[in-house]
Structure formats: structure tokens, C-alpha cells
Amino acid sequence: MYSSAVPWKVLSSNVGVGILTPGWTLDVVYPDIAEPRSFILDVVFDSPFSTIPVVHLGLTGFDMDRRESSRITLKAEKVTETGFQAVISTWDASRVFSVEFNWLAIGA
């Protein structure tokens, strides 16, 4: 039987961001700019891990303009022992009004 000398630590939460969040611009389309548009949210863990954890994100909801295709990506970047950045992106003429997601961090 395998046993670990290091106890596992698990943290999780649900997050909702959108047009009422300061800095949110994914609902605005800039016709002259063809590059992806992103919103970055700094997520801070309630208590730090002793090593860099594995972070999993799950998209649970979104509100988007129905006139254009729904384009959205959700990524965890710059993961550290104390938190990570959730990067929400869209492109072309998609307008994103809000995004909801869950995150799960597992580590020691």
C-alpha cells in the first residue's frame, strides 16, 4: 500500500466576473484590432502551499452577445504557492458580458 509522507492540500472556489468588475473590457469590440482581448484576474489562495500546486479551471457559465459566435478561453497562468492568474480571453467580434468558473488547486 502506498502512503505519502506529505499530506495533500486542496483548495477550491467559484468565481464570477463581468461588466461590473473593474477593468472588464471583453464586452467591447474594437473593429480596428484583430488581436485576442483578455481579462486577467489575480486569484490569491486563502493559505499558501509549500510547493507550486496543480490548478484546474472549469468554465461553469457565461453571458455573451447572441449576434456573434461565442468565443472564449479560460486558462490558469503564473501559478505560484500563493495564487495564480485566471486569464479569460475572446477574439473577433465576440462580446462577453460575464464569466463564471470554478477552480481547484491540489498540492502539498
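Add 955 to a position in the sequence shown, counting from 1, and you land on the number used in our numbering.
Quick reminder that beta carbons are idealized off the backbone N, C-alpha and C, glycines included.
A quick note: this is a predicted structure, and the numbers were derived from the prediction, not measured.
An exposed status is given to arginine 1022, since fewer than 16 other beta-carbon atoms sit within 10 Å of its beta-carbon. Annotated three-state conformation of phenylalanine 1039 is strand, per DSSP. Each of Gly978, Asp1001, Ser993, Gly973 was checked against the Cα of serine 967, and the nearest Cα belongs to Asp1001. When DSSP reads this structure, arginine 992 sits in a beta bridge with Thr1045. Residue state for tryptophan 979 is assigned as coil, using DSSP reduced to three classes. Straight through space, the alpha carbons of valine 984 and leucine 1059 are spaced by roughly 31 Å.
In this structure, DSSP gives phenylalanine 1004 a state outside helix and strand, which the three-state scheme calls coil. Here isoleucine 1027 is not near phenylalanine 994, since their CB atoms are 7 Å or more apart. The residues Ile974, Arg1050, Val1051, Phe1052, in chain order, have a CB closer than 7 Å to that of aspartate 982 in the same chain once the five nearest residues on each side in sequence are set aside. In the displayed model, tryptophan 963 falls within coil according to three-state DSSP, outside both helix and strand.
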